[in-house]
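J.:
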Ligand code: NA
Ligand code: NA
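Chains as they are written, first to last, in my numbering: chain A, 1 to 115; chain B, 116 to 254; chain C, 255 to 343; chain D, 344 to 1110; chain E, 1111 to 1274; chain F, 1275 to 1778; chain G, 1779 to 1907.
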């Protein structure tokens, strides 16, 4: 499954970057959402995929039976998901405000600070 | 949203969601769940209430300003790791106090639990700060 | 549960997923997309439940439980959006 | 010694306060410091003459070979005496010249800082410390040049001087560091004892070129001489000080100082000899056409600097003697002349010699002092300037390989200078009294003390050459030459080639003086192109070019288009990583086992399809809905591969994201198709390249087997040590609680940010 | 009183969730339920009494499940047949019940039963608008709906046409 | 176990949380701001002192030994960087008192400031690569929020670019962390220093290193990835810009130092050659960018880019002296650049504009401010004996010693252009007479500025100006510390032993 | 027991398939909703019962029931919300739709929906909730 997931992650990265390269600020945000999903899945995939063995220790045992999925990447991704959400919330409201002050959903109109 | 049906259902769902969130919070150490997920669930509960009613009522329901919850949560989470230093342990060293309460069985009070409660409050405070601010702007 | 049952069940669920996805993409109105999304949430609940049986891990039921509890919120949110005057375009 | 050098800085800090509290006559009081220093340095003369160079060492940054070590030998002492001696008169003079100026206290402060820097420069034994003071002279002289800073021209000229000298200074810095590294020591007394180490080092040519770049710019050698006349925008006391004994002499000083270490090669000879001679000629040539009292002196300074550089380059014993004698002579007469020029300017209100005349009766002392100093400039006996010039002619005539070239230029220069000296001494004072902007009368004593004393010294030293010779010139020559030399300075050496050349030069000078109007006309009519094509134009073009390049680069790079920024960023990532993967390391992509069930594949495919649809859909809210689907798909993937906590979190976050998008998006407009098809294809290519890179990286890393991940230990401890059965949660709240804490703050911060964004606006509206 | 009932219900919900069918689980559930109620009691509203409704409720649930199954078979038929024989339309149903709970319950039940979908309640709560797949026989449809309303009202102890 | 190493993180966290709890009381927030940053400053001094006297400081959070839990580690580099964070935090808290508007206070300026500092300190001190990602996000989101406080158009536009490009950077960092875990099964930096060289496919290690290189280069605003900085830094209030200028890009630089000494030093010939080119181009493009502008904050913003180049060059040259030079340069730059922004803020308070074409006459009326500008400006231009000269000298000398002539030439040339920019500000804002057409506004602003506000703002300016001089003058101890830092970076034995308790 | 569980799963999945098919091929939004709400909810409900039976243990059974209850509770509310919003925003009906008694009762501006039975002295009862 890893090769399939590798392609999925690649596709998510590509889609997100493509979205971010649009002129629409709304698409920009959607691109950001996809980007963070892509990175999380990348970590998930690259540390190995395990089927049906969540890292939970059943009652009566001290470690999970047999092989279990690596819990550490899961914890990292969980953190990354939540961080991604925080950042996303900010970004969404930011584009909303930017739209309000600029009056257009067009990144190309937002150049006053550089030139 | 001025829908009677939604409002009534929300009144029914709200206690269930709140209870469920506490449940998810407390058992997270042993099964899927924990402070985050619980905090997110309780946030969605209030968000649902917000959609069914309005900002004022949601604020009233919550009682405390979500920014206060946010600050308190952060303070609790941070401070849950500090006192250990006075016992000569590193910050955030887990301390456990299994307490035998008559009729309740053993309750495992611990600093990770306190930490998780902080997490819960932070998530609730943050999400509701955002959602309420947005909804207020909308109104 | 026999292997073939699992396969058939998944086949049905996947078919449902795909058809729902087509509706999600085709729209044409926002409510159409939202109801597709709502159905997707339901199918996902079912999918997770079946998966829990297939691999024999009851812990996954909790995932389904959460989704069942909050899945309809997206629909409520979209409905709210529409009633606030959003166009969906 | 340390106190002696640094006292200037201390006084600089205190002088504004002192000047304000003492009032009018502060100049006289403040001059006590340089006077005391002069006496202090004078005290070193016998010691140095008897027991040679003294090194005084104070550690500063020994780990970096930077020390406050001072080398007191003939050369540094000569300079130190000139700086403190002339400095004394300059301070007094400034009190008169800038009388009543509101910023006079500030002027004193900068002046003292400058003086102290100059002293430090000439006394430093450490290359880096020397450079420190070198740079300080550039900065402080910048502040002095721009003293009349509300005048745009003054700012412009000051900037020019600063940039030219600092540019050279930076080259010098590299050169000095290279010397230190090559010689294995940054202490001059150690470096200079064995010059062959440097001369034989592979870096030698580089070192010489860098050092010359520094010295030539500082000492206004062609083609960077143009800044010096412009520096005349400074108040006259500054010009007098900078041009006679300090600042512009720093380059000469350093060349002389390093001569034992770097000199004696063909490179040194030709570089210094040719550039010096050309500078000498250029200075004289430009002086001849100047009508401003200060401009004339500025160009003659260039002449003198060229002469000194040339002489150091020639490097023979005679040349070094000539250099030191000329240096001393020049310092004396130039300081005097500048102060006199300032007196004229101060009293008449104009700098143009053509507008002055008949001032002899009104300003007799000025006239007398001018005559004496100008005679020294012209190189007439019995003044000290004559001795210097005689020695110079002797040296050029004996220059190895450059005799003819240098001698011809030297004689030509001497002619022109003689002519201009006459113009300066005679034109303003003779003839009929002309109307000037101010009503002239004799300058105050503060402004005459310096010129009179210095001009008098020129006469004294000319008549009694043995005094300077024995006191200081001999030991200075020894320091520059690197070996003891016997020096005797006389007016009369018998009838020889130098004398003939002197006579020739003076005769020519007389002719030029008499025909000066015609000369000026000739310059005006025939030689105007010099201004259009001179080196200064080059500077201006360089500055324009710099600004042009800067603006062009900024337009191109900082275009304001986020899309372009992002494209560059993404492509940088892909190219750098991709090249490292395939090109540099030649890594390969192992295709592991591709085992999957149909429903896993279906979910994966739906995620991809959803992502693609979201990116091409024209419905904004449709994209949000499709995103929700991608989110559910990702949650399913987490569940299918044993991550229930992730599945739940993903679902919750997805739901909240939809809520958020919905709350925000409803006010935004729909998508507009704004980019062109070409753009879209390019963007798709960019996007796909990153996607492909990530796919490859995953596959490659998946091919690496990890034997003992740290999570094995975490799993083992989860229940036994941390009392939790959900290992992921135990990691979150215990093993890696700090991550979680940080993440909480991220969420909290985002909430504050959102709150502020929304509410701040609300406040705006209310107002 | 109603709050107490709610609290007990929540306590049971708690032990159901935790799977901890012991006294301590019940106490804990009661405890947490109490806090939940404390919190939401801010959003005050009328609560019906529940205790004596248990058998009635079970009865009703069975009825309801049956309705759902019926409804689904009908939908399945419509979906699976290649041609559409539906005659859809929106009708307004005059309401007898007046309480929020009853209306909501009725609306939700209608949604889950054969070929009908509640759209909304009029602002004065006298009319429920319903989208139906088949309004060929509108009278029968209305009769079925009124029957459902009656059952809901029985369950919730409402007498009809009151509430003012 | 060292308590000191955790305090620079916990203190701002606690005070940030407290500020949030007292969200509506501005007076309390102000006090918390000054006290909290003051304590942080003290804590960082203690930390540096302990690190200097007792060696590398480590605390395993939660008592979980490395590499299993998260460790906080302070070697000299970390301790010095943290000290700078504490110092700047305190200076800016004081400066903020009169210069930050009521509105900013009402919308979370102080908590954001505390938490930004926490993020920065955490990033400097963590010994875990994922934890570094978390800290980077903390400081990033704090900076997002600070950036938009005020809600003006320019802020929004700048913020969009800032957010987007920095997020891309964070994602690359996250990807890099994920891949590193996939390669080694560990996240602890010291453990990685041991395990990365043991990976069979060494090529892949370098490849993953490139992702970190890209990510941190974006954060550090290195060429060609700096766009976000000039687009946004001049938009918020000057105290915020100063805070950013002081610390944000330095986190990127620090991370480059940490990663490309301790962990990704397996292919120095390649990676550091690359860094050298990046550093060179960064210097040149940055300084040219500054030359193109006539607005104080923009000039200063572009100079940040330029000076990042010097720091990267210090790393790229990869000798103890070069690394020490880099560390000194970072310290110097933080002190001088922050101070320049602060002076710029005072100029604004007195003239109502940052545009050099609209202001002037300051040298005539405000000589003290002139001196206070010259100190950091000349320091930045590398004029001796101020702090910048020390950094420049060490780096150039290191360059000369390894005969890296190209970079020596570029460094020197860039120094000249830096001076040009500083003198441009000086000549226009201080020397030039106040332009008549803007005199009315200037007068209005000057009158509105109270003596007390001015005095409070000048306090940190004077302190930092003196510090710039002290660093240059008392260079021996500064260099000794930096050299120890350089040695520790180059030879990771001590670091690994301190963290893992084993000698590699 | 396996057979029962399999049956629940199969039938449930079948209903979900029908829901998906309905979503795809029903002619208008309202009719699609009939399919998705009912078949979807029932399908999930059946499957969750199957899961409860499969795992048998009390806590899982309770959770399975909880899923069932939640779905049956929330699905109609979601349907109501979407349907109402869709109707209010004017999503077109299938051309074979026979009648629409709501059309003239809606006041979108005042956000009011009239019953057509209002008495003149009516207070706005909406305020009560
Ligand atoms: Na791997
Ligand atoms: Na975490």
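Glycine included, every Cβ here is placed at the ideal spot set by N, Cα and C. Computed from a predicted model, the values in this text were never measured in an experiment.
Suppose you measure from the CA of residue 332(C) to the CA of residue 287(C); what does that come to, to the nearest Å?
T.: Translated into positions along the third chain, residue 332(C) becomes position 78. Translated into positions along the third chain, residue 287(C) becomes position 33. Their Cα atoms are separated by approximately 10 Å.
J.: Let me know the secondary structure DSSP gives residue 1197(E) once reduced to three states.
T.: The residue labelled residue 1197(E) in the question sits at position 87 within the fifth chain. DSSP places residue 1197(E) in strand when its eight states are reduced to three.
J.: Using alpha carbons as the reference points, say which of 1774(F), 1465(F), 1776(F), 1768(F) lies closest to residue 1325(F).
T.: As a working note, residue 1325(F) is residue 51 in the sixth chain. Minimum Cα-Cα distance from residue 1325(F) among the listed residues 1774(F), 1465(F), 1776(F), 1768(F) corresponds to 1768(F).
J.: Against residue 1846(G), what residues of chain B qualify as contacts under a CB-to-CB distance less than 7 Å, listed in chain order?
T.: Counted from its first residue, the seventh chain places residue 1846(G) at position 68. Residues of chain B passing the Cβ test: none, with the nearest at roughly 14 Å.
J.: Please report the straight-line C-alpha distance between residue 727(D) and residue 1732(F), rounded to a whole angstrom.
T.: For the purposes of this step, residue 727(D) is identified with residue 384 of the fourth chain, where counting begins at 1. For the purposes of this step, residue 1732(F) is identified with residue 458 of the sixth chain, where counting begins at 1. Each residue's alpha carbon lies about 54 Å from the other.
J.: Where do the ends of the beta strand (DSSP E) carrying residue 397(D) lie?
T.: Reading the fourth chain from its first residue, position 54 is the one you call residue 397(D). Counting along the chain, the beta strand (DSSP E) containing residue 397(D) begins and ends at 397-404.
J.: Output, in chain order, the set of chain C residues within a Cβ distance shorter than 7 Å of residue 1795(G).
T.: Translated into positions along the seventh chain, residue 1795(G) becomes position 17. Contact of residue 1795(G) with chain C by beta-carbon distance below 7 Å involves 266, 269, 270.
J.: So what's residue 1375(F) in DSSP terms, helix, strand or just coil?
T.: Here residue 1375(F) corresponds to residue number 101 of the sixth chain, with the count starting at 1. Coil at residue 1375(F), not helix or strand.
J.: For residue 838(D), which of helix, strand or coil comes out of DSSP?
T.: Numbered from its first residue, the fourth chain carries residue 838(D) at position 495. In this structure, residue 838(D) counts as coil in the three-state DSSP scheme.
J.: As a quick exercise: from 816(D), 1097(D), 558(D), pick the residue whose alpha carbon is nearest that of residue 1417(F).
T.: Here residue 1417(F) corresponds to residue number 143 of the sixth chain, with the count starting at 1. Out of 816(D), 1097(D), 558(D), 1097(D) has the C-alpha closest to the C-alpha of residue 1417(F).
J.: Starting from the C-beta of residue 57(A), find all residues in its chain whose C-beta is less than 7 Å away, skip the five residues before and the five after it, and write them out in chain order.
T.: Translated into positions along the first chain, residue 57(A) becomes position 57. Close CB contacts of residue 57(A) within its chain, under the 7 Å cut and outside five residues either way in sequence, are with 63, 64 (chain order).
J.: Below 7 Å CB to CB, which residues in the same chain sit around residue 301(C) once its five sequence neighbours on both sides are set aside?
T.: The count along the third chain starts at 1 and reaches residue 301(C) at position 47. Here the set comprises 267.
J.: For residue 1784(G), which residues of its own chain have a beta-carbon under 6 Å away from its beta-carbon, when the five flanking residues on both sides are left out?
T.: In the seventh chain, counting from the first residue as 1, residue 1784(G) sits at position 6. Cβ neighbours of residue 1784(G) beyond the five flanking positions: none.
J.: Would you say residue 477(D) and residue 651(D) are within 9 Å of each other, going by their C-beta atoms?
T.: For this step, residue 477(D) is matched to residue 134 along the fourth chain. For this step, residue 651(D) is matched to residue 308 along the fourth chain. Contact: no.
J.: Would you kindly report the start and end of the unbroken alpha helix (DSSP H) that includes residue 314(D)?
T.: Outside the displayed range of chain D (344 to 1110) lies residue 314(D), so it cannot be described from this structure.
J.: What is the rounded straight-line gap between the Cα of residue 445(D) and the Cα of residue 540(D)?
T.: Residue numbering aside, residue 445(D) sits at position 102 when the fourth chain is read from its first letter. Residue numbering aside, residue 540(D) sits at position 197 when the fourth chain is read from its first letter. If you take the alpha carbons of residue 445(D) and residue 540(D), they lie about 54 Å apart.
J.: Who are the neighbours of residue 255(B) on chain C, taking C-beta pairs under 7 Å?
T.: Beyond the ends of chain B as shown, which are 116 and 254, falls residue 255(B); an answer cannot be given.
J.: Per DSSP, which one or two residues make a beta bridge with residue 920(D)?
T.: As a working mapping, residue 920(D) is identified with position 577 in the fourth chain. DSSP output for residue 920(D) lists no bridge partner at all.
J.: So which residues on chain D does residue 211(B) lean against when the C-beta distance must stay under 7 Å?
T.: The sequence position of residue 211(B) within the second chain is 96, counting from 1. The answer, in chain order, is 1066.
J.: Are the beta-carbon atoms belonging to residue 1117(D) and residue 1456(F) less than 9 Å from one another?
T.: Residue 1117(D) falls outside the range modelled here, since chain D spans only 344 to 1110, and no answer is possible.
J.: With residue 607(D) and residue 656(D) assumed to form a contact (beta carbons below 8 Å), what rounded beta-carbon distance in angstroms separates them?
T.: Looking up residue 607(D) in the fourth chain gives position 264. Looking up residue 656(D) in the fourth chain gives position 313. Rounded, the Cβ-Cβ distance is 11 Å, inconsistent with contact.
J.: Measure the alpha-carbon distance for residue 488(D) versus residue 443(D) and round it to whole angstroms.
T.: Numbered from 1 along the fourth chain, position 145 holds the residue referred to as residue 488(D). Numbered from 1 along the fourth chain, position 100 holds the residue referred to as residue 443(D). Their Cα atoms are separated by approximately 19 Å.
J.: Out of 1333(F), 1364(F), 1380(F), point me to the one whose CA is closest to residue 204(B)'s CA.
T.: Within the second chain, residue 204(B) is the residue found at index 89, counting from 1. Of the listed residues, the one whose Cα sits closest to residue 204(B) is 1333(F).
J.: Provide the residue span of the alpha helix (DSSP H) that contains residue 409(D), from first to last.
T.: Along the fourth chain, read from residue 1 onward, the residue named residue 409(D) stands at position 66. No alpha helix (DSSP H) contains residue 409(D), which is instead part of the beta strand (DSSP E) from 409-415.
J.: Report the three-state DSSP secondary structure of residue 565(D) (helix, strand or coil).
T.: In the fourth chain, residue 565(D) corresponds to position 222, counting from 1. Three-state result, residue 565(D): coil.
J.: Helix, strand or coil for residue 1706(F) per DSSP?
T.: Your numbering for residue 1706(F) matches position 432 in the sixth chain. Correct three-state label for residue 1706(F): coil.
J.: Is residue 7(A) buried or exposed, if buried means 16 or more other CB atoms sit within 10 Å of its CB?
T.: Numbered from its first residue, the first chain carries residue 7(A) at position 7. By the beta-carbon neighbour count (other beta carbons within 10 angstroms, threshold 16), residue 7(A) is buried.
J.: For the alpha helix (DSSP H) holding residue 1593(F), just list the boundary residues, first then last.
T.: Here residue 1593(F) corresponds to residue number 319 of the sixth chain, with the count starting at 1. No alpha helix (DSSP H) holds residue 1593(F); DSSP gives it neither H nor E.
J.: Considering only C-alpha positions, which residue in the set 1715(F), 1331(F), 1685(F), 1619(F) is nearest to residue 1582(F)?
T.: Within the sixth chain, the letter at position 308 stands for residue 1582(F). Nearest of 1715(F), 1331(F), 1685(F), 1619(F) to residue 1582(F), Cα basis: 1685(F).
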